[in-house]
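Trainee:
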Amino acid sequence: MLVSILDGYTDEPSRLGVPPFMAAYPRYLAGAVLDAGEEFEYLTVDQWRKGRRPVGQVLFIISNTNVPGKYLRGTPVSDRELIQIQREFDGEAFVWSSTSSRGDVDTLAHDVLTTGTRTPRRRTLEEWREWSILGAEAIGQHSDFPDPLILELDMSFGCPRFVSGGCSFCPEIAYGEPIFRPQEDIVGEMKALLKQGATNFRLGGQSCLFTYMTEELGQDAPRPNVVGSQRAFSKAFQN
Ligand code: SF4
Numbered sequence: 017m018l019v020s021i022l023d024g025y026t027d028e029p030s031r032l033g034v035p036p037f038m039a040a041y042p043r044y045l046a047g048a049v050l051d052a053g054e055e056f057e058y059l060t061v062d063q064w065r066k067g068r069r070p071v072g073q074v075l076f077i078i079s080n081t082n083v084p085g086k087y088l089r090g091t092p093v094s095d096r097e098l099i100q101i102q103r104e105f106d107g108e109a110f111v112w113s114s115t116s117s118r119g120d121v122d123t124l125a126h127d128v129l130t131t132g133t134r135t136p137r138r139r140t141l142e143e144w145r146e147w148s149i150l151g152a153e154a155i156g157q158h159s160d161f162p163d164p165l166i167l168e169l170d171m172s173f174g175c176p177r178f179v180s181g182g183c184s185f186c187p188e189i190a191y192g193e194p195i196f197r198p199q200e201d202i203v204g205e206m207k208a209l210l211k212q213g214a215t216n217f218r219l220g221g222q223s224c225l226f227t228y229m230t231e232e233l234g235q236d237a238p239r240p241n242v243v244g245s246q247r248a249f250s251k252a253f254q255n
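The sequence shown runs 17 to 255 under my numbering.
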């Protein structure tokens with residue numbers, strides 16, 4: 017089965033996804049589809065506007081710009097376009113928003129394709145590791161590949177101040193308690209992307225770099241883990 021991934025772009029405080037940036041969401045989704053034993057195609061909403069249409073049997077649309085800005089290379093999908101894309105598509109279509117949908121889009125796709133279940137859930141660290149590597153091949157289908165495409169790499173997920181309800185302006189609190197990715201997993205993903213021809217990266221996915229790998233989660237102001245952040249950056253730069 018061919019699964020279509022339509023990237024309507026995401027833009028969050030700590031995760032950029034409007035070209036020239038490519039968020040990790042569609043790559044994880046591609047990895048989950050491959051892990052489920054299916055094929056994928058990836059297209060952006062800007063390619064759709066130029067006339068390309070998804071040709072898979074199932075469609076996943078990724079959307080959400082909760083910190084909209086002035087974009088120079090791409091325009092996020094609008095509500096009107098979302099309706100039109102679904103109306104035109106001849107198959108089942110899922111619309112997933114990075115902060116208003118519950119669970120991850122990659123777990124949704126994997127579970128739908130393997131067991132038919134649709135219960136929202138977060139990916140495990142093992143799935144995160146595996147799908148980030150498997151899905152690296154999606155970058156070759158992005159119209160900005162290989163340059164000026166900038167690939168977002170997630171260092172963590174969630175809000176370090178989850179105990180006090182976070183800050184009023186930031187949606188990261190919706191993800192709850194942070195999950196930190198081991199440095200080896202970030203570097204493993206980076207290597208897989210380099211192998212596919214990637215040239216530009218951005219270490220993101222953390223709204224607070226200083227609390228990456230903090231040992232004081234659960235306190236309102238966790239103390240920074242300087243060694244943890246330093247290790248992650250030095251390992252990434254060695255590549
Ligand atoms: S503390 Fe939490 S809610 Fe506040 S900016 Fe950081 S991630 Fe966002």
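Cβ atoms here follow ideal geometry from the backbone N, Cα and C, with glycine treated the same way.
Work out the CA separation of Val61 and Val93 for me, nearest whole Å.
Mentor: Position 77 of the sequence shown holds residue 93. Position 45 of the sequence shown holds residue 61. Computed Cα separation, rounded: 6 Å.
Trainee: Which value, in whole angstroms, describes the spacing of the CA atoms of Ser114 and Asp27?
Mentor: Here residue 114 corresponds to residue number 98 of the sequence shown, with the count starting at 1. Here residue 27 corresponds to residue number 11 of the sequence shown, with the count starting at 1. Between Ser114 and Asp27, the C-alpha separation is close to 9 Å.
Trainee: Cβ atoms of Leu18 and Glu55: under 8 Å apart, would you say?
Mentor: For the purposes of this step, residue 55 is taken as residue 39 along the sequence shown, with counting starting at 1. For the purposes of this step, residue 18 is taken as residue 2 along the sequence shown, with counting starting at 1. Yes, the pair counts as a contact, with Cβ atoms nearer than the cut-off.
Trainee: With DSSP as the reference, label Val177 as helix, strand or coil.
Mentor: Counting from 1 along the sequence shown, the entry for residue 177 is found at position 161. Residue identity check: residue 177 is Arg in the sequence provided, not Val. DSSP places Arg177 in coil when its eight states are reduced to three.
Trainee: Should Ser223 be counted as a contact of the ligand SF4 given a C-beta to heavy atom distance under 7 Å?
Mentor: Counting from one through the sequence shown, the residue named residue 223 turns up at place 207. Yes; taking the cut-off as 7 Å, the Cβ of Ser223 has a heavy atom of the ligand SF4 nearer than that.
Trainee: Under 8 Å between the Cβ atoms of Ile101 and Asp23?
Mentor: Locating residue 101 in the sequence shown gives position 85, counting from the first residue. Locating residue 23 in the sequence shown gives position 7, counting from the first residue. Cβ atoms of Ile101 and Asp23: not closer than 8 Å.
Trainee: Among the candidates Gln254, Pro162, Val83 and Val74, whose CA atom is the shortest distance from the CA of Gly107?
Mentor: Numbered from 1 along the sequence shown, position 91 holds the residue referred to as residue 107. Per the C-alpha coordinates, the member of Gln254, Pro162, Val83 and Val74 positioned closest to Gly107 is Val74.
Trainee: Can you say whether Gln199 is buried or exposed, counting buried as having 16 or more other CB atoms within 10 angstroms of its CB?
Mentor: Position 183 of the sequence shown holds residue 199. That one is buried.
Trainee: For Leu98, which of Tyr87, Phe76 and Phe196 has the nearest alpha-carbon?
Mentor: For the purposes of this step, residue 98 is taken as residue 82 along the sequence shown, with counting starting at 1. Residue Phe76 is the option with its Cα nearest to Leu98.
Trainee: Glu104: beta carbon under 7 Å from a heavy atom of the ligand SF4?
Mentor: As a first step, residue 104 must be located in the sequence shown, where it is residue number 88. It does not: the Cβ of Glu104 is nowhere closer than 7 Å to a heavy atom of the ligand SF4.
Trainee: Use the C-beta contact count for Thr123: other C-beta atoms within 10 angstroms, 16 or more gives buried, fewer gives exposed.
Mentor: As a first step, residue 123 must be located in the sequence shown, where it is residue number 107. Buried is the call here.
Trainee: With hydrogens ignored, establish whether the beta-carbon of Arg68 is closer than 7 Å to any heavy atom of the ligand SF4.
Mentor: Here the question's residue 68 lines up with position 52 in the sequence shown. It does not: the Cβ of Arg68 is nowhere closer than 7 Å to a heavy atom of the ligand SF4.
Trainee: Between the alpha carbons of Ala248 and Trp112, how many angstroms are there, rounded?
Mentor: Position 232 of the sequence shown, counting from 1, holds the residue named residue 248. Position 96 of the sequence shown, counting from 1, holds the residue named residue 112. Cα-Cα distance, rounded: 30 Å.
Trainee: Per DSSP, what are the beta-bridge partners of Trp112 in this structure?
Mentor: Reading the sequence shown from its first residue, position 96 is the one you call residue 112. Ile78.
Trainee: Classify Glu168 as buried or exposed, calling it buried when 16 or more other Cβ atoms lie within 10 Å of its own Cβ.
Mentor: Translated into the one-based positions of the sequence shown, residue 168 becomes position 152. Glu168 should be labelled buried.
Trainee: From the DSSP output, in three-state form, read off Gly151 for me.
Mentor: For the purposes of this step, residue 151 is taken as residue 135 along the sequence shown, with counting starting at 1. Here Gly151 sits in helix by DSSP.
Trainee: Who pairs with Asn241 in a beta bridge, going by DSSP?
Mentor: On the sequence shown, residue 241 is found 225 positions in, with the first residue counted as 1. Beta-bridge pairing links Asn241 to no other residue.
Trainee: In the DSSP assignment, find the unbroken beta strand (DSSP E) run with Asp51 in it and report its ends.
Mentor: Looking up residue 51 in the sequence shown gives position 35. Where Asp51 is concerned, there is no enclosing beta strand (DSSP E), although the alpha helix (DSSP H) it sits in stretches over Tyr41 to Asp51.
Trainee: Compute every distance between the C-beta of Arg177 and the non-hydrogen atoms of the ligand SF4, then say whether any falls below 7 Å.
Mentor: Counting from one through the sequence shown, the residue named residue 177 turns up at place 161. Yes; taking the cut-off as 7 Å, the Cβ of Arg177 has a heavy atom of the ligand SF4 nearer than that.
Trainee: Tell me whether Glu193, by its Cβ, gets closer than 7 Å to a heavy atom of the ligand SF4.
Mentor: By one-based count along the sequence shown, residue 193 stands at place 177. Every heavy atom of the ligand SF4 is 7 Å or more from the Cβ of Glu193, so no.
Trainee: Check this for me: beta carbons of Gly174 and Glu205, under 8 Å apart or not?
Mentor: Taking the first residue of the sequence shown as position 1, residue 174 is located at position 158. Taking the first residue of the sequence shown as position 1, residue 205 is located at position 189. Not in contact: Gly174 and Glu205 (Cβ atoms no closer than 8 Å).
Trainee: Report the partner residues of Glu55 according to the DSSP bridge assignment.
Mentor: Within the sequence shown, residue 55 is the residue found at index 39, counting from 1. Leu18.
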